[in-house]
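In what follows, a structure is listed as C-alpha cells, so that the remarks can point back to it.
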Amino acid sequence: MKIAIGADDAALELKAALIERLEEKGYEVADYGIKEGYDYPDVAVEVAEAVAKGEHERAILCCGTGLGMSITANKVPGVRAAQCHDVYSAERARKSNNAQVLTMGQRVIGPEAAKVVLDAWLESEFAGGSSAAKVEKMEAIDRKYHPEGVGI
Ligand code: RB5
C-alpha cells in the first residue's frame, strides 16, 4: 500500500520519524514535502484531495497539534481524518470511523510514541457491521453539502 504523508514546518521531525517507521514496515511512501509559503491548510488540502481522488488509500498529516491538518482535511468531501495521539483512538479511527487520514502533532507527542500510534492505525481495518451505517450517514452529509458529487 502506498501511503501519502505531509507536514507543515512545525512537524518535520515527526514526519521524518513516521516515514522511517513506514519504510521499516515495507510501505511505499509518497512524501508531499513542503513548498515555500505552504501552511498546514495548503498541505492538508493537497493530500486530502489526492485521497478523495483515490490516488492514495491512506494518508498521514502532521502539524504542531494535528488539529489544523484534521480540520482542513475533513473539509474535503469523502475524506475522514482523525487526530489520534493514543493507540485506542487510532484503532477506533479505523475500526469505527474508517478514517483514511491520520493526523498527529509534533508538539503533542514524541516520535517513538507516535510510531506506536501509527502502528495501531496501520494494523486496524474498518470493522463494517453496525459501524457501516454510521459511516454512510457521514457520507450522506458530504452529499448534502456537495450535491455535485463527493469525488474531486
Ligand atoms: C503552526 O502554524 C501551527 O499552528 C500548526 O502547525 C498547527 O498546529 C495548526 O493546527
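Per numbering that gives the first Met the number 0, the sequence shown starts with residue 0, numbered consecutively. No residue lacks a Cβ here, since even glycine has one placed at the ideal position from N, Cα and C.
Proximity below 7 angstroms, CB of residue i to CB of residue j
i, j, result
"A72", "A81", "no"
"L13", "A113", "yes"
"V100", "V115", "no"
"S123", "E147", "no"
"L121", "L17", "no"
Candidates the options: closest to residue i by CA position
i, options, result
"C62", "A139, Y26, G109", "G109"
"P76", "T64, A92, V46", "V46"
"Y37", "E22, M68, A58, K52", "M68"
"Y144", "K34, A9, K74", "K74"
"G104", "I2, K1, M0, A15", "A15"
Cut-off 6 angstroms between Cβ atoms - residues of its own chain near residue i, not counting five sequence neighbours on either side
i, result
"S95", "S130"
"G5", "Y31, V42, V46, L60"
Paired residues, beta bridge with residue i - DSSP
i, result
"M103", "C61"
"I2", "V28, R57"
"A81", "L101"
Buried/exposed call for residue i, threshold 16 Cβ in 10 Å
i, result
"G127", "exposed"
"D85", "exposed"
"R142", "exposed"
Beta-carbon contacts of residue i that lie in its chain and below 8 angstroms, excluding the five residues immediately before and after
i, result
"P40", "G67, T71"
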